[in-house]
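Going by my numbering, the residue at position 34 of the sequence shown is 34; the numbering climbs one at a time, nothing skipped.
Note that CB positions come from ideal geometry on N, CA and C, so glycine has one too.
Treat the numbers as computed from the prediction; the structure is a model and nothing was measured.
The block underneath contains the structure these notes are about, expressed in structure tokens.
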Amino acid sequence: MNWQDIWHLLNEHRGKALGILLGLLFGWFAITYGVLKAIFVALCAGAGFYIGRQFDQRSRESGFFSGWLKDK
Numbered sequence: 001m002n003w004q005d006i007w008h009l010l011n012e013h014r015g016k017a018l019g020i021l022l023g024l025l026f027g028w029f030a031i032t033y034g035v036l037k038a039i040f041v042a043l044c045a046g047a048g049f050y051i052g053r054q055f056d057q058r059s060r061e062s063g064f065f066s067g068w069l070k071d072k
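Written as structure tokens, this is what we have:
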């Protein structure tokens, strides 16, 4: 199996590969730092993802700052 085959497999099963990676990362954090700290880091990462997605969506729609400067 060469790198092209591996890349094709990862691209075809992107969600499963990402889930495995996130599970391994969370498990490593839980073992290294404890479960509560790992949950805190996961929540912070989730909040950061959500905020970043909101910024991306607003910047694509009509400009990021124009949404904040509208009269309400």
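Asked, Found
"Short Cβ contact (7 Å threshold) for A42 with A30", "no"
"Beta-carbon spacing of A17, L24 below 7 Å", "no"
"Enclosing alpha helix (DSSP H) for G19 [first to last residue]", "14-33"
"Same chain only: Cβ atoms within 6 Å of F40, ignoring 5 sequence neighbours per side", "none"
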